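Here the structure comes first, spelled out in C-alpha cells, and everything after it is commentary.
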Amino acid sequence: MQTANYLVYQGENAYKSAGGTAGLSVDVILFPIDTIKTRLQSTEGFRRSGAFRRIYSGIGSVAVGSVPGAALFFGTYEFTKNVSKRYVDGRCLPLVHMAAASSGELMACLARVPTEIVKQRSQATLSPSWDVFRKVIKTEGLTGFYRGYWSTVVREIPFSLLQFPLWEYLKNTWSSRIKKPLEPWQSAICGAVAGSISSYLTTPIDVAKTRIMLADKNDSVSRGNVIYAIRSVYHQGGIKGLYAGAIPRTIWIAIGGAIFLGVYDFVLQQLRDKKTTKQA
Numbered sequence: 001m002q003t004a005n006y007l008v009y010q011g012e013n014a015y016k017s018a019g020g021t022a023g024l025s026v027d028v029i030l031f032p033i034d035t036i037k038t039r040l041q042s043t044e045g046f047r048r049s050g051a052f053r054r055i056y057s058g059i060g061s062v063a064v065g066s067v068p069g070a071a072l073f074f075g076t077y078e079f080t081k082n083v084s085k086r087y088v089d090g091r092c093l094p095l096v097h098m099a100a101a102s103s104g105e106l107m108a109c110l111a112r113v114p115t116e117i118v119k120q121r122s123q124a125t126l127s128p129s130w131d132v133f134r135k136v137i138k139t140e141g142l143t144g145f146y147r148g149y150w151s152t153v154v155r156e157i158p159f160s161l162l163q164f165p166l167w168e169y170l171k172n173t174w175s176s177r178i179k180k181p182l183e184p185w186q187s188a189i190c191g192a193v194a195g196s197i198s199s200y201l202t203t204p205i206d207v208a209k210t211r212i213m214l215a216d217k218n219d220s221v222s223r224g225n226v227i228y229a230i231r232s233v234y235h236q237g238g239i240k241g242l243y244a245g246a247i248p249r250t251i252w253i254a255i256g257g258a259i260f261l262g263v264y265d266f267v268l269q270q271l272r273d274k275k276t277t278k279q280a
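The letter at position 143 of the sequence shown is residue 143 when you use the UniProt record's numbering, and the numbering goes up by one with no holes.
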C-alpha cells in the first residue's frame, strides 16, 4: 500500500502527533500574548484584569488541553480532506478544505473548551488554574466547562473556513511556481499570512466568546448567545469594543500560524519519511 493511503486509513496517529506537537509549541511560546489579548477583551478591562502581572497565569490548563485539542483537529481535518478528495475534482478543493476544517473544529472544541474556560478565567482573575477548576466544579458542575462551547465553535469555524483554504491555496500556488513541494519554513510563511488575515476578520466573534466564558453565572451574557454578546459589547464600547485585542490577537495568530502550521508540516514530513523508510 502506498504511503498516502497508509496515512489515510492506518496512520491517523501521524496527523495527531504532528498536530499535538504543533499545538503545544504555539500555546506555550505565545501564551503571554494570549493573556494580554484576554485581559484587553474582559469586561473589567486590561488594568483591572491584571495588566502585565502574572502573565503566565492559566498555563497549566493549556499544558493539559493543547495536545488533545490540536490532535483531534488535525486527525479529523486530514482524514476528512483525504477521503473527500477522492470524490471531487480539483475545482472543488476549497470546499473540501472548508468541510474538513469545520469537522476538525467540532471535534477539537470537545477538548479545547474546558481548558479554554479555565485558562481565560485564570488569566482574567490571576487565580491558579487548579483553583479555577475547583470553583467551576463547585458552582456550575461539569456542564460549566462547556459554557461557551457553541460560541467557540461559532468563532472557530469561520476562522478555519478562512484560514485553512487560504493556507492550502497559498501553499499550492507557491509550490506550482517553484515546481516542487514546499519546505516547512515556506509553509510557515503561508500559515502566518492566512492566520493574520483570518484572525483580524473574526475578532468580534472572539470578543463575544471571551465575554461569554468570563461572565458571572447570573449574567445574561453567560447564556452563550453570540449575537446577544456582540450586541452587548457594541452597546458598551462600539466598534472599538468589538475589536478589543485585535492587534495582539492578529500578532499572536500570525506568529502562531507560522509556528503551528510550519511545525505541523515539518513533523508530518518526518513521520512520512520514517514510514517510507520502513516500507522500503
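Glycine included, C-beta positions come from ideal geometry on N, C-alpha and C.
Predicted model only: the values in this text are computed from it and were never measured.
Roughly how many angstroms lie between the CA atoms of residue i and residue j, to the nearest whole one?
i: residue 53; j: residue 118; result: 18 Å
i: residue 281; j: residue 259; result: Because the chain here runs from 1 to 280, residue 281 falls outside it and cannot be looked at.
i: residue 203; j: residue 270; result: 34 Å
i: residue 126; j: residue 176; result: 49 Å
i: residue 231; j: residue 241; result: 10 Å
i: residue 159; j: residue 116; result: 17 Å
i: residue 131; j: residue 30; result: 23 Å
i: residue 114; j: residue 137; result: 11 Å
i: residue 157; j: residue 95; result: 13 Å
i: residue 218; j: residue 69; result: 29 Å
i: residue 155; j: residue 183; result: 30 Å
i: residue 90; j: residue 174; result: 17 Å
i: residue 148; j: residue 59; result: 20 Å
i: residue 180; j: residue 44; result: 51 Å
Under the rule that 16 or more other beta-carbon atoms within 10 Å means buried, what is residue i, buried or exposed?
i: residue 237; result: exposed
i: residue 2; result: At residue 2, the pLDDT of 38 sits below 50, so the modelled position is not reliable; the number obtained from the coordinates is stated separately. Classification of residue 2: exposed, given that the 10 Å Cβ count is below 16.
i: residue 248; result: buried
i: residue 210; result: buried
i: residue 92; result: exposed
Could you check if residue i belongs to the surroundings of the ligand SAH, using beta carbon to heavy atom distance under 8 Å?
i: residue 222; result: Among the components of this structure there are no ligands whatsoever, and the ligand SAH is therefore not found.
On the three-pair Cβ rule with 8 Å, is the stretch 242-254 touching the stretch 194-205?
-> yes
Which runs of the beta strand (DSSP E), 3 residues or longer, sit entirely within the UniProt repeat "Solcar" (182-270)?
-> none
Do the stretch 97-106 and the stretch 133-144 touch if we need at least three Cβ pairs shorter than 8 Å?
-> no
Report yes or no: do the stretch 103-113 and the stretch 38-55 share at least 3 C-beta pairs separated by less than 8 Å?
-> no
Examine the Cβ distances between the stretch 32-52 and the stretch 73-92 and report whether three or more of them are shorter than 8 Å.
-> no
Would you mind listing the alpha helix (DSSP H) stretches within the stretch 103-170 that are 4+ residues and don't spill past its ends, in chain order?
-> 129-140
Runs of alpha helix (DSSP H) wholly within the stretch 45-114 (minimum 4 residues, chain order) | 59-84
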